[in-house]
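Heads up, the sequence shown is in my numbering, so the first residue is 1 and it goes up one at a time.
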Amino acid sequence: MKIRLDRTMCDGFGTCTKHAPGYFSLDDWGYASLEGDGVVDAVDHDGVMRALLDCPAHAIIRMPDAES
Ligand code: SF4
1 MKIRLDRTMC DGFGTCTKHA PGYFSLDDWG YASLEGDGVV DAVDHDGVMR
51 ALLDCPAHAI IRMPDAES
């Protein structure tokens, strides 16, 4: 799974960093950045999906799978 983060949509709630701290970090104003290249390890799938679903601003986007 691969995700991206649309920082123009992020409203700075910080929920994503609680669910998947290895994938998101917050700047001084509370807005999120993606850590790494957006590729999600299988073991982290649930936490990242929770972050995606709980993001109030829908700023976390799942990319279409490259192969399936
Ligand atoms: S949960 Fe969504 S709105 Fe909140 S900091 Fe993360 S990306 Fe931004």
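C-beta atoms are modelled at their ideal positions from N, C-alpha and C, and glycine is treated no differently.
Handout entry: Own chain partners of L26 with C-beta closer than 7 Å, once the 5 adjacent residues on each side are dropped
Key = G14, T17 and A32
Practice task
Please work out which residues of its chain come closer than 7 Å, Cβ to Cβ, to G30, disregarding the five sequence neighbours upstream and downstream, and give them in chain order.
Solution key: G12 and G14
Handout entry: Residue interval of the alpha helix (DSSP H) (run including M49)
Key = H45 to D54
Handout entry: Whole-number beta carbon distance between G47 and A20, since they are thought to touch under 8 Å
Key = 4 Å
Exercise for the section: Throw me the rounded Cβ distance for the A59 and D6 pair, which I believe falls under 8 Å. Expected result: 5 Å
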